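These notes concern the structure reproduced below.
2 protein chains.
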Amino acid sequence: MNGARSLLTTLVGAGVNVCFANPGTSEMHFVAALDDVPDMRGILTLFEGVATGAADGYARVSGHPAATLLHLGPGLGNGLANLHNARRARVPVVNIVGDHATYHARYDAPLESDIASIARSVSGWYRVAARSDDVGGDAADAVAAASRPPGCVATLVLPADSSWSESSTGPCPPRPRTRPSIVPAETVANAAKVLASGERAALLLGGGAVRARGLHAASRIATTTGAALLGETFPTNLARGAGIPALERLAYLGEMAQAQLDGVQHLILVEAKSPVSFFAYPGKPSDLVPTGCTVHTLVLPGEDAATALEALAEAVSAPLDSAMPAPAARPDRPAGALAPDTLAAAIGATLPDDAIVVDEGNTAGLFVPGATAGAPAHDWLTLTGGAIGFGLPAATGAAVAAPDRPVLCLQADGSAMYTLQALWTQAREGLNVTTVILANRSYAILNMELQRVGADAGGPLSRRMLDLTEPDLDFVSLSKGLGVPARRVETAEALTQALETSYAEAGPSLIEAGLA
Amino acid sequence: MNGARSLLTTLVGAGVNVCFANPGTSEMHFVAALDDVPDMRGILTLFEGVATGAADGYARVSGHPAATLLHLGPGLGNGLANLHNARRARVPVVNIVGDHATYHARYDAPLESDIASIARSVSGWYRVAARSDDVGGDAADAVAAASRPPGCVATLVLPADSSWSESSTGPCPPRPRTRPSIVPAETVANAAKVLASGERAALLLGGGAVRARGLHAASRIATTTGAALLGETFPTNLARGAGIPALERLAYLGEMAQAQLDGVQHLILVEAKSPVSFFAYPGKPSDLVPTGCTVHTLVLPGEDAATALEALAEAVSAPLDSAMPAPAARPDRPAGALAPDTLAAAIGATLPDDAIVVDEGNTAGLFVPGATAGAPAHDWLTLTGGAIGFGLPAATGAAVAAPDRPVLCLQADGSAMYTLQALWTQAREGLNVTTVILANRSYAILNMELQRVGADAGGPLSRRMLDLTEPDLDFVSLSKGLGVPARRVETAEALTQALETSYAEAGPSLIEAGLA
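So the sequence lines, in the order shown, correspond to chains A and B.
As numbered in my numbering, residues 1297 to 1812 make up the first sequence, in order.
As numbered in my numbering, residues 1297 to 1812 make up the second sequence, in order.
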């Protein structure tokens, strides 16, 4: 068999059986090998940012990596923003970047590009599969590297001749799986001592700590010790809803996060980073840790957060039944004009069981978390790395990973335009994604930021750079153009009904929520 | 004034008065300063690949750089593919990449990214504007670097505090302009000797050699000496049409290019690279220079090609009237089904005076150059770097550079989906762009490449990765969703009429040409 078939067989053997692909000429042998390795599901995307964002969403939901197939440096560049998000979220992704044949590089053909420099900016692991005989082992290493807790982007460059040449070695069996490390008992004991000190403490949860098991243990600790429970602003995959202890996330705005942390004397990091301001602002601090607060680390990325939290709960003698799961509660079906509050209520009133919510709602989605706090248990994926254009692709990947679960994508209009091509893949694959476009026809967050950075703003030329009118974007037409049925709603009643209709139907649909 | 205003004032002073922008929070002071420096025209794009491709198209037509405004590493990543094209085409572009405030970098906030690594893959010049006092000088240096012949991508990173802090120095006057070097007389004499040798010679023209002046001189040389006249496969901006000597471009397919070069004993490079295969293929050569052929360089990038060709024409005693301009000729108005030949005839029959054609037509556009060879003189911009998604943005920038000239964008359907957001900017700015989508609903070139690489292809799973059906893309809906009026045509008559209508109307329009 050739290198391409060896690669695909190795990937499938290691559990990587989905590939989000944008192939070009240098990837043709990989494409051809799809017919030989039918257990690999090739999913075509129309733009690389869709492929990489889908791989991110897929891994957040399934817990294991998908592959991407990208075309040289420019294809990797197109996928870079969502790889940045995956890197920040510590999500496993296996990039296969096709390249010219090794002997062709010296001719500096038009698509010759510095793949290594581009890839290294987002990759925790990088290798060139320089010989067809190595491709199987390289692929096994890539999957192992991506999957090593906490997870990273692993990029394997596949020169065309490594792909088309015969492999005398063939596929490679999977590498042994690395499990998360166990947090040392001493670290747990130290945290217990801090919690017993009587000084005001808070646990800040991120990474794998915000799944149901970790949240239950953390809630036991909080109710027993009085410690506050906080979550990172943009979690990778947060379990929430009825029956799961609620996690208050740190606010995006530094001033609000500072208010949440005010008075905390000990901040215990549980697979979370010490809190910093998302952006810098004149005269405002970057470091959000209160003056005099001591930062402790209970769980590092790559360690087993749930087990550590359970050990800490035992150490502080927290009763098993002391967790405080969120009660079931839904807002009433809203009426009237669509605004951030009625939009949130419509979503909270209708969210189906076991949903996956992909949240790139930005400013217009501000009230949705509150309105869904008591909805049936669900997962919440956020824009961890801040590179917009994550929502639609991530929802696509999430739906591939969990075909039987409803996926709700809350998508701000400005950000939607970065990777709108995802809708076509949703249509082709028949994915159960309901996309709600929060259409305020503005980069609303930037209007706010323009004031916050202290800029002397408000002139017509600068305002024009932040609005999305002239012409208005028509998401119903855009969605239909990509094969996804769509409608526009302008009242809370119409949105509520449109959501219910969409959840009841198979396949994707889009709702443009026209905000007043 | 602050650094941002110093920057904008410096750019405008150096002749850079258009900025294609995708701002984020770290760029808010730049945005605010647009109201203070109204001679800078800020043009909003909905995706960074549109901004960078527009800057490329703008510079190819105007001859001087536009600025882009991009948001940290992810924004630069989104713009990377079209910067790759600009790099390959040696087109001047001034990238302004906003970054976190300098003191914020150490906090590793979510959008912190390795801008330097990403930028260096495409930039001929790179600098961080580390202090607000330096911003003016840095901007002047960036424009000078981008503009230094033959032109390059210059990337200036603008930390937010360099932008918002006061600049005690203020704007900087433009640096002296660097002119193209004059080719040494001895080099011209050597070329003349080669041409006088009686051995079979060919001139291969690229870069600035393919404008009208260079083509006239080259044609004199060819008719006088019998040398063949060839052009690079994907020229940056080729002058052609009635009254301009025609240039036969090297074919994309290596086998066809080899046939064109067959028997050539001396290949004289005129701001062109020695010909290589675009991709590598099993058993096919990368280097397309015939065995035994000697390669000579008359003009290097950065040298004055037209002057060198005129000197060579004198050296070979080519009469002034020996150039062979292409005769005026148009195909008849075609009838019947739309196919590559009738599509080409429709375009040739209607192309207006002084048009700018942006050609990303790929396979379906194969016959258009032939059908327009005798059309009124026009400029032809091609996908020099091979990173698809160039056409719509480049047409946008070309129309900004030349508002009174008609711009025709020949855009393959698969490639169109990479940067379709360009249509919205065309609508907002009222640009005279006629886009023809060559809709064969397939990555047709990849179906061909699948055979050419020798892959044992044709299975249903691999074929599905190369077709654009299920669902069909509806470009009429997509275009309307972005504010550009559109229609679909399926006959040659309808296309001809739609083209005439579009040329006659102000503003953008799109024609989906449904190919049989």
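Ideal placement from N, C-alpha and C gives every residue a C-beta, glycine not left out.
Everything numeric in this text was worked out from a predicted model, so none of it was measured.
* Residue closest to G1670(A), alpha-carbon to alpha-carbon, out of I1643(A), E1528(A), T1678(A), Q1747(A) -> I1643(A)
* Should the stretch 1511-1524 of chain A be regarded as contacting the stretch 1486-1499 of chain A, the criterion being three or more beta carbon pairs within less than 8 Å? -> yes
* Taking R1384(B) as the query, report the chain E residues whose CB atoms sit under 7 Å from its CB, ordered along the chain. => Although the question refers to chain E, the structure presented lacks it and instead comprises the protein chains A and B.
* To which residues does DSSP link W1460(A) through a beta bridge? -> DSSP, once it has assigned bridges, lists no residue as partnering W1460(A).
* For A1382(B), collect the residues of the same chain with a Cβ closer than 6 Å to its Cβ; drop the 5 residues on either side in sequence, then sort them by chain order. => D1352, V1389, V1449
* Asked: Closer than 7 Å, Cβ to any Cβ of chain B: which residues of the stretch 1368-1380 of chain A, in chain order?
  -> G1369, P1370, G1373, N1374, L1376, A1377, H1380
* Whole-angstrom Cβ separation of A1377(B) and G1685(B), contact assumed at under 8 Å? -> 6 Å
* Helix or strand or just coil, what does DSSP make of S1773(A)? -> helix
* Could you list which residues in chain A have their beta carbon closer than 7 Å to that of E1766(B), in chain order? => R1724
* Could you give the residue range of the alpha helix (DSSP H) that holds G1369(B)? -> 1368-1374
* Are the stretch 1539-1558 of chain A and the stretch 1699-1706 of chain A touching, with three or more C-beta to C-beta distances below 8 Å? -> no
* CB of G1309(A) within 8 Å of CB of P1467(A), strictly -> yes
* **Contacts of D1457(A) in chain B (Cβ-Cβ under 8 Å)** => A1576, P1578
* Kindly indicate which three-state DSSP category V1566(B) falls into: helix, strand or coil? => strand
* Look up S1738(A) in the DSSP assignment and give the residues it is bridged to. => D1763(A)
* May I have the straight-line CA-CA distance separating L1407(A) from A1683(B), to the nearest angstrom? => 7 Å
* To do: Tell me, please, whether the CB atom of P1467(A) is closer than 8 Å to any CB atom in chain B?
  => no
* To do: Report the option in A1673(B), T1532(B), G1432(B), T1348(B) whose CA atom is closest to the CA atom of G1371(B).
  => T1348(B)
* Exposed unless 16 or more other CB atoms sit within 10 angstroms - verdict on A1813(B) -> Nothing can be reported for residue 1813(B), as the shown portion of chain B is limited to 1297 through 1812.
* Asked: Pick from V1772(B), R1301(B), V1595(B), E1725(B): whose alpha carbon is nearest that of V1568(B)?
  -> According to the sequence displayed, residue 1568(B) carries Ala and not Val. The option with the nearest alpha carbon to A1568(B) is V1595(B).
* Asked: Is there a Cβ from chain A that is less than 8 Å from the Cβ of R1399(B)?
  -> Residue identity differs from the one stated: residue 1399(B) is Tyr in this sequence, not Arg. True, the Cβ-Cβ gap to chain A drops below 8 Å.
* To do: Have a look at A1300(A), A1812(A), A1635(A), E1801(A) and flag the residue whose alpha-carbon is nearest the alpha-carbon of D1429(A).
  => A1300(A)
* Any residues in the stretch 1704-1715 of chain A with a beta carbon nearer than 9 Å to a beta carbon of chain B? Which ones, in chain order? -> G1710, M1713, Y1714, T1715
* Asked: So, do the stretch 1476-1488 of chain B and the stretch 1596-1607 of chain B have three or more beta carbon pairs nearer to each other than 8 Å?
  -> yes
* Inter-residue CB distance, R1784(B) and T1765(B) (contact presumed, cutoff 8 Å) -> So it is not a contact: roughly 15 Å between Cβ atoms.
* Asked: Where do the ends of the alpha helix (DSSP H) carrying S1413(B) lie?
  -> 1411-1416
* Can you pull the chain A residues whose beta carbon is under 8 Å from the beta carbon of R1757(B), in chain order? => Note that residue 1757(B) is Leu in the sequence shown here, rather than Arg. Within chain A, the residues near L1757(B) are L1330, D1331, P1334, G1338.
* How many whole angstroms separate the CB atoms of G1726(A) and G1777(A), which I take to be in contact at a CB cut-off of 8 Å? -> That pair is no contact at about 18 Å.
* Asked: In chain B, what lies closer than 7 Å to A1660(A) by C-beta?
  -> Here the premise fails: no neighbours, minimum Cβ distance about 17 Å.
* Are the stretch 1788-1796 of chain B and the stretch 1636-1656 of chain B in contact at 8 Å, needing three or more beta carbon pairs? -> yes
* Asked: Helix, strand or coil for L1716(B) per DSSP?
  -> coil
* **For R1783(A), the residue or residues it bridges with in DSSP** => I1807(A)
* **Range covered by the beta strand (DSSP E) that runs through N1391(B)** => 1389-1395
* To do: Quick one: which unbroken alpha helix (DSSP H) runs of 4-plus residues sit fully inside the stretch 1523-1564 of chain A? Chain order, please.
  => 1550-1557
* Sub-8 Å separation of G1522(A) and R1545(A) beta-carbons -> no
* Step through the CB atoms of chain A and report whether any lies within less than 8 Å of the CB of I1414(B). => yes
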